[in-house]
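Q: One structure, pasted below without further comment.
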Amino acid sequence: IIKLKREDVYIANTVKCRPIENRDPSQEEKDICWPWLEKQIAIIQPKIIVTLGRHSMNLFLPELKISEAHGKAIKKDFPEIGEQTFFTLYHPAAALYNGGLRQTLIKDFKKIPKVLRETDKG
């Protein structure tokens with residue numbers, strides 16, 4: 027849809043092990059895994075961080091609601107990883123359970139190249 031090459035994309039999970047019975051990760055699990063995610067971000071130095079779903083968004087932007095933040099680029103500074111540009115998306119699985127989100131997800135996803143270009147100008 028957006029013509030990015032796989033080698034230009036790095037995928038990381040906020041929690042490094044799968045919670046039992048596919049439950050939501052606990053705050054303790056997120057806290058335990060944060061140092062690994064922090065190191066990944068520091069090493070990779072991404073142009074943008076695209077969060078998929080509310081759990082990953084809430085790790086970085088807990089003050090926001092995904093229904094209001096999806097499809098928007100948001101800058102935030104962190105002591106551990108510096109200033110980052112976040113682009114929030116609904117999790118793709120949400121579109122499976124709520125067909126109405128599919129078009130929203132596609133529309134938001136198509137905005138990523140523009141956000142990357144604007145970040146390059148930065």
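Numbered according to the numbering used here, the sequence shown spans residues 27 to 148.
Note that the Cβ used here is the ideal one computed from N, Cα and C, for glycine as well.
What do you reckon, are the CB atoms on VAL141 and ALA95 nearer than 9 Å?
A: no
Q: Run through the stretch 41-68 for me and flag every whole beta strand (DSSP E) of 3 or more residues, listed as ranges in chain order.
A: Restricting attention to beta strand (DSSP E) runs no shorter than 3 residues, the stretch 41-68 encloses none.
Q: Output the distance between the C-alpha atoms of CYS43 and ALA119, rounded to the nearest integer angstrom.
A: 18 Å
Q: Measure the C-alpha to C-alpha separation of ILE27 and GLN129 and round it to an integer number of angstroms.
A: 13 Å
Q: Counting contacts by CB-CB distance shorter than 9 Å, is TYR116 in contact with chain B?
A: Here there is only one protein chain, and chain B is not present.
Q: When the distance is taken between beta carbons, is ILE138 closer than 9 Å to ILE74?
A: For ILE74 and ILE138, yes; Cβs fall inside 9 Å.
Q: So who's on the other strand from VAL76, going by DSSP bridges?
A: Here VAL76 is bridged, per DSSP, to PHE113.
Q: Use the C-beta contact count for TYR123: other C-beta atoms within 10 angstroms, 16 or more gives buried, fewer gives exposed.
A: TYR123 comes out exposed.
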